[in-house]
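Chemist:
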Ligand code: NFS
Ligand code: SF4
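In this note's numbering, the protein residues as written are 6 to 647.
1. Confirm the yes/no value for this check: CB of residue 239, any heavy atom of ligand 1, distance under 7 Å.
2. So, using beta-carbon positions, are residue 329 and residue 316 closer together than 8 Å?
3. Using 8 Å as the threshold, is the C-beta distance between residue 170 and residue 226 below it?
4. In three-state terms, what does DSSP make of residue 381?
5. Assign residue 334 to one of three DSSP states: helix, strand, or coil.
6. Between which residues of its own chain and residue 499 is the CB-CB distance below 7 Å, once the five residues before and five after are set aside?
7. Near ligand 2, which residues have their beta-carbon less than 5 Å from any of its heavy atoms, given in chain order?
8. Out of curiosity, what's the CA-to-CA distance linking residue 403 and residue 32?
9. Rounded to the nearest angstrom, what separates residue 533 and residue 251 at their Cα positions?
10. Compute the Euclidean distance between the alpha carbons of residue 450 and residue 482, then round it to the nearest angstrom.
11. How do the stretch 262–279 and the stretch 135–142 stand: do at least 3 beta-carbon pairs fall below 8 Å, yes or no?
12. Quick one: residues in its chain with C-beta nearer than 8 Å to the C-beta of residue 39, no 5 flanking neighbours on either side, listed in chain order?
13. Give every residue of the same chain whose Cβ lies closer than 8 Å to the Cβ of residue 202, excluding the five residues on either side of it in the sequence, and list them in chain order.
14. Return the chain-ordered list of same chain residues with a C-beta closer than 8 Å to the C-beta of residue 546, the five sequence neighbours on each side being excluded.
15. Leaving out five residues before and five after residue 522 in sequence, what residues of the same chain have Cβ atoms less than 7 Å from its Cβ?
16. I'd like the span of the alpha helix (DSSP H) that includes residue 540, first residue to last.
17. Determine the contact status of residue 361 and residue 379, defining contact as a CB-CB distance below 8 Å.
18. Taking residue 359 as part of the alpha helix (DSSP H), name the residues at either end of that continuous run.
19. I'd like to confirm something about residue 567: is its beta-carbon nearer than 7 Å to some heavy atom of ligand 1, or not?
20. Return yes when at least one heavy atom of ligand 1 lies under 7 Å from the C-beta of residue 527, else no.
21. The alpha helix (DSSP H) that contains residue 612, what's its start and end?
22. Could you tell me whether any non-hydrogen atom of ligand 1 is closer than 7 Å to the CB of residue 254?
23. Helix, strand or coil: how does DSSP classify residue 642 here?
24. State yes or no: is the C-beta of residue 529 within less than 8 Å of the C-beta of residue 106?
25. Express the C-alpha separation of residue 58 and residue 86 in angstroms, rounding to a whole number.
26. Kindly list the residues whose CB is nearer than 8 Å to the CB of residue 401, restricted to its own chain and excluding five residues on each side of it in sequence; keep chain order.
27. Let me know the secondary structure DSSP gives residue 411 once reduced to three states.
28. For residue 209, name the three-state secondary structure that DSSP assigns.
29. Quick check: residue 291 and residue 394, are their CB atoms within less than 8 Å of each other?
30. If we count the other Cβ atoms within 10 Å of its Cβ and call it buried at 16 or more, is residue 50 buried or exposed?
31. Out of 341, 473, 576, 207, point me to the one whose CA is closest to residue 61's CA.
32. Using a threshold of 8 Å, state whether the C-beta atoms of residue 644 and residue 557 are closer than that.
33. Taking the C-alpha atoms as reference points, what is the distance between residue 618 and residue 564?
34. With the cut-off set at 8 Å, would you say residue 538 and residue 554 are in Cβ contact?
35. Helix, strand or coil, according to DSSP, for residue 260 in the structure here?
36. Cα-Cα, which of 108, 153, 101, 377 is closest to residue 126?
Shown next as C-alpha cells:
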C-alpha cells in the first residue's frame with residue numbers, strides 16, 4: 006500500500022484489521038465498501054440531515070426554506086415536520102426490536118407445543134422469575150404449564166388492548182408513577198408503533214411536544230416491552246449467559262478451516278447453526294473437502310448473542326461485514342434480519358463466498374434463499390452448513406488476505422451475573438457495586454452502545470470514549486457494535502484494568518476479576534441495562550429513581566432507527582444520553598431544545614450531542630458528578646492524572 010492510501014484507510018477506522026482490509030479494497034477496482042459509497046454520496050442532502058423535508062402526502066414533497074417556504078403545502082412547520090420524521094424513526098426502531106421479540110415468543114411456543122426437539126427451555130429459574138413478574142401462579146404437575154402461560158402473556162403484550170404493559174413494573178416505583186402521570190406509560194407494544202404511524206399521517210398531530218411524547222412512550226414499549234421480552238425469553242430458551250472467554254476480530258477466520266459467518270440479529274437460527282456445525286458427519290465432510298474443520302464466527306448482534314452464550318468468536322461489527330467477505334476465506338455467510346447491507350451480494354459476487362438469506366422478512370435480489378422455520382430448524386441449519394462446507398474447495402487462494410488481529414475478551418455478563426461476581430459467589434447482590442459508588446471508589450457507571458457509521462472514524466468513538474470513562478473510574482457496560490469495538494481494542498480483558506482504569510475502578514476489577522468494560526450482549530440486551538439500573542435503585546443508598554443514579558449513556562457512532570428508539574427509552578427512563586451526531590432534526594430549534602433541555606423536566610433524562618468522544622465522555626462524567634452531589638455522596642477517592 007502506498008503511504009497516501011494507508012493514511013486514507015486509517016482515517017476511516019482505528020481498527021488495524023479493518024484498515025488492512027480497506028487497503029485491500031482500495032487496491033482492487035472491483036471492490037467497493039460503505040466508506041466508498043459514503044464518499045460518493047457527498048454532499049448529503051441538507052434537508053434530510055436537518056429533518057425538514059416531508060413526503061408524507063402527495064401535495065408534497067415539501068421542504069422548509071427560511072424566508073421562502075416556511076411551511077409545507079399543508080402548513081406544517083419545521084417543528085412539526087422534524088418531530089414527525091423523528092418519531093417515525095422511533096417507530097421503525099421499536100418495530101424492529103419488538104418484532105424480533107415476538108419471533109422469540111413463537112420459538113418458545115414451538116419449543117413447548119411443537120413436535121420439534123430442536124428447542125427446549127434451558128433456564129427454568131429465569132422462566133419462573135418471569136412467570137412471577139407476569140403474575141402467573143404455578144400449577145403443580147403440569148410440565149410446561151409455566152412456559153405456555155409465559156408465552157401467552159408475552160404474546161398478549163404486543164397486542165394488548167387494555168391497561169398497560171407489565172414489565173415496566175420492574176422499574177422503581179417513582180419511575181412507574183412518573184410514566185403514568187406524564188401519560189407515557191406504554192400500552193400495547195404494537196399499539197404505540199401504530200399510533201405513531203397514525204399521528205404522523207397527513208393532518209393529524211401537529212404539536213411537536215405531543216409527537217415527541219408519543220415517541221417516548223413508543224420507545225418505552227420497546228425497551229421495557231419488546232426488547233425486554235426478547236432478552237428474557239432468549240435467556241429462557243438458550244440459557245442465561247455466564248462470563249466466558251472468546252476472541253474477536255477478522256483474525257478469528259481460519260485459513261485452513263471452513264469459515265461460516267452468521268450475520269444478523271435473531272439467535273433462533275444461529276443457535277441451532279452452531280449446533281449443526283458440530284455435527285460429526287459435517288465435520289467429516291469438511292475434512293474430505295480438505296479442510297481442518299468447521300469454524301463459525303458472527304457479525305453484528307447475532308454474533309453477540311452466540312458469543313455471550315457459547316463463546317463463538319466474533320469476526321467483526323457492522324462496518325466489517327463487507328470486509329469479512331473481502332478476506333476471501335469466508336465460505337458462506339448466512340443472514341437473517343437487520344443491519345445487513347444490501348451491498349453484500351455485490352461483494353460476495355467478487356469472491357467464492359455463498360451468501361444465503363433465511364428470513365421470509367428479508368430477501369435480497371439474486372441471493373439464494375433457504376427459508377428457516379422453527380419446525381425444521383436443525384435440518385435447515387445442517388443444509389446451510391453443508392453448502393458452506395462444499396464451497397470450501399472453490400476458494401481462490403490468490404484472493405485470500407486475512408488480517409491477524411484476534412483479541413481475547415471475557416463476555417457473557419448480565420444484570421444477574423455481573424453482580425453475582427461483585428457479590429462473591431455466595432450471594433447475588435448489588436451491594437458491592439452500590440457501596441463502591443457510595444464510598445467513591447467508583448465514580449459511577451456508563452452504558453456505551455450502538456452502531457458504526459462511516460460518517461465517523463470506525464470504532465474511534467466507542468473505544469476512545471470507553472477509555473476516557475474507565476480512566477475516570479466509571480465502570481462501562483457495552484452492547485451491540487460498541488461492545489465488539491471495545492472487545493477488539495482489548496478493553497474486555499481483566500488485566501487491562503491495571504493499565505487503563507483509574508485506581509478505584511482498578512481496585513474493584515482486581516477484587517472481583519472483571520474487566521473495566523463489561524460485554525452485556527446485543528442491542529435488545531440494552532434491556533439488561535434497564536434491569537441493572539432498577540436493581541441498583543432497589544439495592545438502596547443511591548436514591549429512589551433511575552434519574553438519581555450517577556450513571557449516563559452514550560451512542561458515539563450511531564446510525565440505525567433502533568439506536569434512536571434505544572436513546573429515547575434511556576432518556577425516558579431518566580438517563581442522560583450523549584450521541585455524536587444530533588438526530589436529523591436540527592432544522593427545528595424547538596425540537597432540539599426539547600430534546601436537550603425541556604424533556605429533562607418531564608422524565609429526568611435528556612440528550613446531548615457531542616462529536617468528540619473525549620468531550621462527550623466528560624459531559625457524562627460531569628453529569629455523574631452532579632448526581633453524586635445531589636445524593637451527597639463522598640468525593641471520589643482517587644484523583645485522575647492527565
Ligand atoms: Ni444495534 Fe445490532 Fe450494530 Fe447498530 Fe446494527 S448490529 S441491533 S443497530 S449496527 S449496534
Ligand atoms: Fe407537505 Fe404537509 Fe404533505 Fe408533508 S404532509 S408533504 S408538509 S403537504
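Glycine included, C-beta positions come from ideal geometry on N, C-alpha and C.
Modeler: Taking the geometry as given:
1. Start at 1 with the first residue of the chain shown, and residue 239 comes out as number 234. No, the Cβ of residue 239 stays beyond 7 Å of every heavy atom of ligand 1.
2. In the chain shown, residue 329 corresponds to position 324, counting from 1. In the chain shown, residue 316 corresponds to position 311, counting from 1. Contact: no.
3. Indexing the chain shown from 1 puts residue 170 at position 165. Indexing the chain shown from 1 puts residue 226 at position 221. Result yes, Cβ atoms of residue 170 and residue 226 sit closer than 8 Å.
4. Along the chain shown, one-based indexing puts residue 381 at 376. Helix, per DSSP.
5. Locating residue 334 in the chain shown gives position 329, where the first residue counts as 1. It is coil, neither helix nor strand.
6. Looking up residue 499 in the chain shown gives position 494. For residue 499, where only same-chain residues beyond five positions count, the Cβ hits under 7 Å are 415, 514, 518, 519, 520.
7. 59, 61, 62, 64, 65, 67, 77, 78, 79, 81, 207
8. Position 398 of the chain shown holds residue 403. Position 27 of the chain shown holds residue 32. Near 14 Å, if we compare the C-alpha coordinates of residue 32 and residue 403.
9. As a working mapping, residue 533 is identified with position 528 in the chain shown. As a working mapping, residue 251 is identified with position 246 in the chain shown. Cα-Cα distance, rounded: 21 Å.
10. By 1-based counting over the chain shown, the position of residue 450 is 445. By 1-based counting over the chain shown, the position of residue 482 is 477. Rounded to whole angstroms, residue 450 to residue 482 spans 8 Å at the Cα level.
11. no
12. If you number the chain shown from 1, residue 39 lands on position 34. The residues are 324, 327, 346, 348, 459.
13. To locate residue 202, count along the chain shown from 1; it is residue 197. Taken in chain order, the residues that qualify are 93, 96.
14. Residue mapping note: residue 546 aligns to position 541 of the chain shown, counting from 1. So the list reads 439, 440, 443, once near-sequence residues are dropped.
15. Locating residue 522 in the chain shown gives position 517, where the first residue counts as 1. Excluding residues within five positions, the ones whose Cβ falls inside 7 Å are 471, 475, 481, 483, 491, 496, 497.
16. For the purposes of this step, residue 540 is taken as residue 535 along the chain shown, with counting starting at 1. From DSSP, the alpha helix (DSSP H) with residue 540 extends over 531–544.
17. The residue you call residue 361 lines up with position 356 of the chain shown. The residue you call residue 379 lines up with position 374 of the chain shown. No, they are not a contact pair.
18. Here residue 359 refers to the residue found at position 354 of the chain shown. Element bounds for residue 359: not the alpha helix (DSSP H) but the beta strand (DSSP E), 359–362.
19. Locating residue 567 in the chain shown gives position 562, counting from the first residue. Indeed, a heavy atom of ligand 1 lies less than 7 Å from the Cβ.
20. Indexing the chain shown from 1 puts residue 527 at position 522. The answer is yes for residue 527.
21. Locating residue 612 in the chain shown gives position 607, where the first residue counts as 1. Counting along the chain, residue 612 falls outside any alpha helix (DSSP H), though it belongs to the beta strand (DSSP E) covering 612–614.
22. For this step, residue 254 is matched to residue 249 along the chain shown. Answer for residue 254: no, Cβ out of range of ligand 1.
23. Here residue 642 refers to the residue found at position 637 of the chain shown. It is coil, neither helix nor strand.
24. Working through the chain shown from its first residue, we reach residue 529 at position 524. Working through the chain shown from its first residue, we reach residue 106 at position 101. Yes; because the gap between Cβ atoms is below 8 Å, this pair is in contact.
25. Against the chain shown, residue 86 aligns to sequence position 81. Against the chain shown, residue 58 aligns to sequence position 53. Their Cα atoms are separated by approximately 7 Å.
26. Reading the chain shown from its first residue, position 396 is the one you call residue 401. Result list for residue 401: 333, 356, 357, in chain order.
27. As a first step, residue 411 is located in the chain shown; it is residue number 406 there, counting from the start. It is coil, neither helix nor strand.
28. Translated into positions along the chain shown, residue 209 becomes position 204. Note: residue 209 maps to coil in three-state DSSP.
29. Position 286 of the chain shown, counted from the first residue, corresponds to residue 291. Position 389 of the chain shown, counted from the first residue, corresponds to residue 394. Yes. Within cutoff.
30. Working through the chain shown from its first residue, we reach residue 50 at position 45. Result: exposed.
31. To locate residue 61, count along the chain shown from 1; it is residue 56. Closest by alpha carbon: 207.
32. One-based indexing of the chain shown puts residue 644 at position 639. One-based indexing of the chain shown puts residue 557 at position 552. No, these two residues do not count as a Cβ contact at 8 Å.
33. Taking the first residue of the chain shown as position 1, residue 618 is located at position 613. Taking the first residue of the chain shown as position 1, residue 564 is located at position 559. Using only the alpha carbons, I get a separation of about 16 Å.
34. Locating residue 538 in the chain shown gives position 533, where the first residue counts as 1. Locating residue 554 in the chain shown gives position 549, where the first residue counts as 1. Yes. Within cutoff.
35. Within the chain shown, residue 260 is the residue found at index 255, counting from 1. Residue 260 falls in the coil class under three-state DSSP.
36. Along the chain shown, one-based indexing puts residue 126 at 121. It is 153 whose Cα lies nearest to the Cα of residue 126.
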